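Here the structure comes first, spelled out in structure tokens, and everything after it is commentary.
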Amino acid sequence: MPSLSLFRRRDPWWEIDGPAARRARRKQHLVAGIAFMAALAAVGAAAFAWAIQLGIAGAFGVHAALGIG
Numbered sequence: 228m229p230s231l232s233l234f235r236r237r238d239p240w241w242e243i244d245g246p247a248a249r250r251a252r253r254k255q256h257l258v259a260g261i262a263f264m265a266a267l268a269a270v271g272a273a274a275f276a277w278a279i280q281l282g283i284a285g286a287f288g289v290h291a292a293l294g295i296g
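For what it's worth, my numbering labels the leading residue of the sequence shown as 228, then goes sequentially.
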């Protein structure tokens, strides 16, 4: 199995690692997933704010005003 594959199904050393290592790996994956979702939400919120500020959102029926500028 190539090590650079995007969607690696399983860790080949999973059975050899102890329970603490598996727990740490699960926690690391969970934290990374939450951080990625937070980053996506921040990018989406910034894009939405820019759409409101530039008046693009009004074309889609979103009528809101930001307290900035």
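The beta-carbon is built from N, C-alpha and C at its ideal position, and this holds for glycine as well. Just so we're clear, the structure is a prediction, and the values are computed from it rather than from any experiment.
Residue i - containing alpha helix (DSSP H), residue span
i, result
"A287", "Residue identity differs from the one stated: residue 287 is Phe in this sequence, not Ala. Note, F287: premise wrong, no alpha helix (DSSP H); not H, not E."
"I279", "246-281"
Integer-rounded CB distance, given that residue j should sit under 8 Å from residue i
i, j, result
"A273", "A284", "Contact doesn't hold; Cβ gap of about 13 Å is too wide."
Pairwise C-alpha distance: residue j and residue i
i, j, result
"E242", "G260", "23 Å"
"G294", "A247", "49 Å"
"A265", "F287", "25 Å"
"A262", "A269", "10 Å"
"G282", "F275", "10 Å"
"R252", "L267", "23 Å"
"W240", "R250", "14 Å"
"G297", "L257", "Because residue 297 is not part of the residues shown, which for the chain are 228 to 296, the question remains open."
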